[in-house]
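> Numbering (UniProt numbering), first residue to last: 431 to 734. Below is one structure. I have some questions about it.
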Ligand code: C2E
Ligand code: MG
Ligand code: MG
Ligand code: MG
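And the structure:
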């Protein structure tokens, strides 16, 4: 029995839970000071054309360079930062850093037309100052709006009132691109696709994961389709969903990026399903800005 029993907190002492809570509160307490001390870094993951393998964009992914824990991933602290509201300040810092880096790449490699894609938390998207924040970051860094993409999840797009956010129209009016992140895993009301100024859908990793190496792929003729119906209903379900989502996106004139592409077989399959771009370990993991610069230099030198 827990010592806290007298205070009526926990009936049973759970060492795992208390360790978790302590680690969690230590992280929460450390976040604001870490931001002030400049312990956050932005890494960038290539987003690659499935047609010609060129790097068309990079996604900005924040990491915490923790003095004791080393490099801490966003899954460990973004949720906490959202709960405490610090995400607004942290997100503004990431946005500024990403725009600065992207503008440096634009100046050095204008031909690359590299887009930087920045995640917006629901709380940021709902912040009345978001349009001003984005316009400010573009103005301060000189990055053209067309080279900035903002990624929102389906629930962030819908806002707290269950209505698509008005601010998204104002952001689109600035000229930035808007992408739906982890598409297919969130809010299932597709009506917002008709009404919102969206430019890109990012297909969630689990669908891509379902495209397994060794799969025969979608049946191309009716007989094969009929023969494979029972097996396909389980084995090829993810592939069929990707196929349908790519068609939906293209019917709406949206770009499609497949997330979490891990194998050549997946990349090949996604290309034949007419997916536009891919992101994942197969094309390169998130890396420090300097490695993106090196890749841009290689691409520029390799060009005819
Ligand atoms: P996300 O926006 O969906 O980002 C993609 C995640 O997939 C990244 O995780 C990336 O490292 C990971 N990934 C890359 N290649 C592969 C692969 O081949 N397979 C699989 N399974 N995963 C791959 P990461 O960097 O840990 O970020 C996790 C999440 O944290 C992001 O998911 C995003 O929702 C959030 N996040 C990251 N940076 C920021 C930020 O600056 N602001 C906000 N609001 N959220 C952020
Ligand atoms: Mg993202
Ligand atoms: Mg995603
Ligand atoms: Mg995610």
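Cβ coordinates follow ideal geometry from the N, Cα and C atoms, glycine included.
Are there any heavy atoms of ligand 1 lying less than 7 Å away from the beta-carbon of residue 549, as far as the coordinates show?
Yes; taking the cut-off as 7 Å, the Cβ of residue 549 has a heavy atom of ligand 1 nearer than that.
> With respect to the alpha helix (DSSP H) encompassing residue 604, which residues constitute its N-terminal and C-terminal limits?
Taken as a continuous stretch (DSSP letters only), the alpha helix (DSSP H) holding residue 604 covers 597-604.
> Would DSSP call residue 718 helix, strand or coil?
DSSP places residue 718 in strand when its eight states are reduced to three.
> Evaluate the contact criterion for the region 536-544 versus the region 492-503: three or more CB pairs, one atom per stretch, below 8 Å.
No, the region 536-544 does not touch the region 492-503.
> Quick test of the definition: if touching needs 3 or more C-beta pairs under 8 Å, does the region 689-705 touch the region 619-628?
The region 689-705 is not in contact with the region 619-628.
> Using a threshold of 8 Å, state whether the C-beta atoms of residue 525 and residue 492 are closer than that.
In this structure, residue 492 does not lie closer than 8 Å to residue 525 by Cβ.
> When you compare the CB of residue 533 with every CB in chain D, is at least one pair closer than 8 Å?
Considering every chain present, this structure includes no chain D. It has just one protein chain.
> Among the candidates 593, 488 and 578, whose CA atom is the shortest distance from the CA of residue 603?
For the residues 593, 488 and 578, the minimum Cα distance to residue 603 belongs to 578.
> Looking at the unbroken beta strand (DSSP E) that takes in residue 476, where does it start and where does it end?
Element bounds for residue 476: 470-479.
> Alpha carbons only, please: which of 474, 555 and 615 is nearest the one belonging to residue 591?
Minimum Cα distance to residue 591 is reached at 555.
> Under the rule that 16 or more other beta-carbon atoms within 10 Å means buried, what is residue 463, buried or exposed?
Its Cβ having fewer than 16 others within 10 Å, residue 463 is exposed.
> When the Cα of residue 469 is compared with those of 460, 565 and 550, which residue comes out closest?
For residue 469, the nearest C-alpha among the options comes from 460.
> Measuring only the C-alpha atoms, how far is residue 567 from residue 666?
Their backbone Cα atoms lie some 44 Å apart in a straight line.
> Name, in chain order, the residues that DSSP records as bridge partners for residue 467.
DSSP lists no partner for residue 467.
> State yes or no: is the C-beta of residue 593 nearer than 7 Å to some heavy atom of ligand 3?
Not under cutoff, so the answer is no.
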